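K.L.:
I have a structure I would like to understand better, so I am pasting it below and will then ask my questions one at a time.
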Amino acid sequence: RVRRSGRRASAMYSRRKLKHWRRRKNELEKMGMRYNEGRYKLSCVVRQDTKDHVYCCALNTFHPAHADKLATTAGPRAYVYRLNPDGGVKLMQCYVDEDDEEDYFACCWCASAVPETSGRPMLAVAGGYKGVVRVIDCVARVVRVNLRGHGGGVNDVKAHPLRPHLLLTASKDESCRLWNVDSGACVAIFAGEFGHRNEVLSVDFKPGVDPYDASTSEPGDGEDKSVGQGVGQVLDGDVVFVSGAMDNQIKVWSTRGYPGLARRSDGWGKGVVPGNDAATGPEVSGSRSDGTANAFPTAHVQTPTFSSHKVHGNYVDCVRWFGDLVLSKSVENVITLFQPQLGGSSGAGDLVTGSGFRKVQDFPLRKCDIWFMRFALAPDLTHLCCGNTAGEVFVWRMGSAGRHAAACATLAHKRCVKAVRQTAMTADGRTVIAACDEGTVWRWDLVDVKKDFKSGAGAGEKKRARTEKEKDDATDEGVDDGVDGGDVT
-16 RVRRSGRRAS AMYSRRKLKH WRRRKNELEK MGMRYNEGRY KLSCVVRQDT KDHVYCCALN
44 TFHPAHADKL ATTAGPRAYV YRLNPDGGVK LMQCYVDEDD EEDYFACCWC ASAVPETSGR
104 PMLAVAGGYK GVVRVIDCVA RVVRVNLRGH GGGVNDVKAH PLRPHLLLTA SKDESCRLWN
164 VDSGACVAIF AGEFGHRNEV LSVDFKPGVD PYDASTSEPG DGEDKSVGQG VGQVLDGDVV
224 FVSGAMDNQI KVWSTRGYPG LARRSDGWGK GVVPGNDAAT GPEVSGSRSD GTANAFPTAH
284 VQTPTFSSHK VHGNYVDCVR WFGDLVLSKS VENVITLFQP QLGGSSGAGD LVTGSGFRKV
344 QDFPLRKCDI WFMRFALAPD LTHLCCGNTA GEVFVWRMGS AGRHAAACAT LAHKRCVKAV
404 RQTAMTADGR TVIAACDEGT VWRWDLVDVK KDFKSGAGAG EKKRARTEKE KDDATDEGVD
464 DGVDGGDVT
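Note that this note's numbering gives residue 165 to position 182 of the sequence shown, counting from 1, and the numbers run on in steps of one.
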């Protein structure tokens, strides 16, 4: 009788599982997706100093020859790794700040616009205590420039996707700043009367908007679009970005009304402003008669084009552009996709701030109720991933239907139990990087299920082999190859 009841319960469980599989398969087929395209498996674990949390990780997306380079920051150190095709991670460089009390909160890859150094990968690391952004030339292995000006620590740093020599920083001094790596000039400061009222935690450039493209700038009636005192200057586009802060506000900023600002900063301090017409002669700027450099006329932007505190009810610690939409996250166990209603110019020429928005979709999370937990978008905008305090990483496919999008994969491991501060994805979405507390970096790779099962042993034999291998491990320093991280559904 006991045996029969056990068989009956097993049969009922199998029917429920089959019913769930069929329902999920039908939902994915309606969206044009295949069920179970592959499986994420743990490939490698990098262990750094356990007393330092890894707050940031970034993959190089500006240099195709260095697309396999990964940068992380932990404490006063910045690490550069190479992702091997076999699933390994190799340490290439390590930079240590001269102050042991420094703590790097963010990093990003950037590049120079100067032809002599345009192909060199450069790493920008943001100091959390000193507020200094150090730009490191990874080929010459020297600090190219130190960007100073913030009155507090820097929480985030981003490079422009089309002009990677332009950097954007978010600071504890309630301001965002736009920098030029080549000239070291502070191009613009975004703060003031209508700015943030607490620490700015995250910023992101809007993709597809070139600040050097004249077609994106539309002069208003009666507006003077000349740059400085020069004649025949080129009309530049706008720098548009979004910011999130501890005042629960999400703001969209623009350099509208400051034409030619980014282009003018390129030649500052070198005697000639780029883009001058040969007929009018070069405009000498940025230097005195004795050869010393003048301070760049930094623009002060106080009015954003969009501002709202109604998207989230708590700290906004991560914001990203998704086309014309914005992805944002707070400590409410959800990532929200919404469309902001940007303001325009009034009849008098003043900038009007918009506050309306339309919520498009939610991406539910669990155990993600602390701040400074950041998600990542794949460069092709096809995948989204985010970690939580339990060491799990959730992966979503962008473009799924429904108001609430379920995760297509959950990456977890019994030894990964610390908070995942930030994630990163490769361009094809097949590799996921997780930066965790206590100095660990985890790499997950997507493995084809069909190849996995055709390689030899069955699922049961593989599971028993992994169990025996784990029992034979003497220490926890080894890496468990081939550990299941979750099916991609």
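Note that CB positions come from ideal geometry on N, CA and C, so glycine has one too.
Since the model is a prediction, treat every value here as computed from it, not as a measurement.
(1) Just verifying my parser: in three-state terms, what is the DSSP assignment at S(-3)?
(2) Below 6 Å CB to CB, which residues in the same chain sit around R127 once its five sequence neighbours on both sides are set aside?
(3) Residues bridged to C351 by DSSP?
(4) If you check the beta carbons only, do I416 and L53 fall under 8 Å apart?
(5) DSSP three-state label for L74, please.
(6) Can you tell me which of C39, G327, I353 puts its alpha carbon nearest to the alpha carbon of Y298?
(7) Tell me the rounded alpha-carbon separation between V317 and V235.
(8) Are V302 and D187 closer than 8 Å when you measure CB to CB?
(9) Just to check my reading of the structure: N138 and E182 have Cβ atoms closer than 8 Å, yes? What is that Cβ distance to the nearest angstrom?
(10) Below 6 Å CB to CB, which residues in the same chain sit around Y62 once its five sequence neighbours on both sides are set aside?
(11) Please classify A153: is it buried, with 16 or more other beta-carbons within 10 angstroms of its beta-carbon, or exposed?
(12) Skipping 5 residues on each side, what residues in its chain have a beta carbon closer than 6 Å to that of A96?
(13) Could you give the residue range of the alpha helix (DSSP H) that holds D139?
(14) Rounded C-beta distance between V376 and T406? I'm assuming under 8 Å.
(15) I need the straight-line Cα distance from A41 to M356, nearest angstrom please.
(16) Does the beta-carbon of V125 have 16 or more other beta-carbons within 10 angstroms, so that it is buried, or is it exposed?
(17) In the structure shown, what three-state DSSP assignment does L394 receive?
(18) Roughly how many angstroms separate the alpha carbons of C391 and V28, rounded to a whole number?
(19) Does the beta-carbon distance from V343 to P323 come in below 8 Å?
(20) Are there 16 or more other CB atoms within 10 angstroms of the CB of L74, so buried, or fewer, so exposed?
(21) Consult DSSP for L104 and reduce its assignment to one of helix, strand or coil.
(22) Would you list the one or two residues that DSSP bridges to G227?
(23) Just the C-alpha distance for C419 and G240, rounded to the nearest angstrom, thanks.
P.N.:
According to the data block:
(1) Position 14 of the sequence shown, counted from the first residue, corresponds to residue -3. In the structure shown, S(-3) falls within a helical segment according to DSSP collapsed to helix, strand and coil.
(2) Taking the sequence shown and counting its residues from 1, one reaches residue 127 at position 144. For R127, where only same-chain residues beyond five positions count, the Cβ hits under 6 Å are V118, D120.
(3) To locate residue 351, count along the sequence shown from 1; it is residue 368. Paired residue(s): none; C351 is not in a bridge.
(4) For the purposes of this step, residue 416 is taken as the residue at position 433 of the sequence shown. For the purposes of this step, residue 53 is taken as the residue at position 70 of the sequence shown. Taking 8 Å as the Cβ cut-off, I416 and L53 qualify as a contacting pair.
(5) As a first step, residue 74 is located in the sequence shown; it is residue number 91 there, counting from the start. L74 falls in the strand class under three-state DSSP.
(6) By one-based count along the sequence shown, residue 298 stands at place 315. Out of C39, G327, I353, I353 has the C-alpha closest to the C-alpha of Y298.
(7) As a position in the sequence shown, residue 317 is number 334, starting the count at 1. As a position in the sequence shown, residue 235 is number 252, starting the count at 1. Whole-angstrom Cα-Cα distance: 21 Å.
(8) To locate residue 302, count along the sequence shown from 1; it is residue 319. To locate residue 187, count along the sequence shown from 1; it is residue 204. Against a cut-off of 8 Å, the Cβ pair of D187 and V302 comes out as a contact.
(9) For the purposes of this step, residue 138 is identified with residue 155 of the sequence shown, where counting begins at 1. For the purposes of this step, residue 182 is identified with residue 199 of the sequence shown, where counting begins at 1. Indeed, because the Cβ distance is near 6 Å, the residues count as touching under 8 Å.
(10) The sequence position of residue 62 within the sequence shown is 79, counting from 1. Only T55, C77 meet the Cβ criterion.
(11) Your numbering for residue 153 matches position 170 in the sequence shown. When all chains shown are included, A153 counts as buried.
(12) Along the sequence shown, read from residue 1 onward, the residue named residue 96 stands at position 113. H148, D165, listed in sequence order.
(13) Here residue 139 is taken as the residue at index 156 of the sequence shown, counted from 1. First-last for D139: 137 to 142, but that is the beta strand (DSSP E), not the alpha helix (DSSP H).
(14) For the purposes of this step, residue 376 is taken as the residue at position 393 of the sequence shown. For the purposes of this step, residue 406 is taken as the residue at position 423 of the sequence shown. Confirmed, Cβ separation roughly 6 Å.
(15) For the purposes of this step, residue 41 is taken as residue 58 along the sequence shown, with counting starting at 1. For the purposes of this step, residue 356 is taken as residue 373 along the sequence shown, with counting starting at 1. A41 and M356: Cα-Cα distance of roughly 14 Å.
(16) Looking up residue 125 in the sequence shown gives position 142. Exposed, because fewer than 16 other Cβ atoms sit within 10 Å of the Cβ of V125.
(17) Here residue 394 refers to the residue found at position 411 of the sequence shown. It is a strand residue.
(18) Here residue 391 corresponds to residue number 408 of the sequence shown, with the count starting at 1. Here residue 28 corresponds to residue number 45 of the sequence shown, with the count starting at 1. Using only the alpha carbons, I get a separation of about 23 Å.
(19) Counted from its first residue, the sequence shown places residue 343 at position 360. Counted from its first residue, the sequence shown places residue 323 at position 340. No. Outside cutoff.
(20) Residue 74 sits at position 91 when you count from the first residue of the sequence shown. Flag for L74 reads exposed.
(21) Working through the sequence shown from its first residue, we reach residue 104 at position 121. The identity of residue 104 in the sequence shown is Pro, whereas the question assumes Leu. Coil, per DSSP.
(22) Numbered from its first residue, the sequence shown carries residue 227 at position 244. Looking at the DSSP assignment, G227 forms a beta bridge with S185, I233.
(23) Here residue 419 refers to the residue found at position 436 when the sequence shown is read from its first residue. Here residue 240 refers to the residue found at position 257 when the sequence shown is read from its first residue. About 42 Å.
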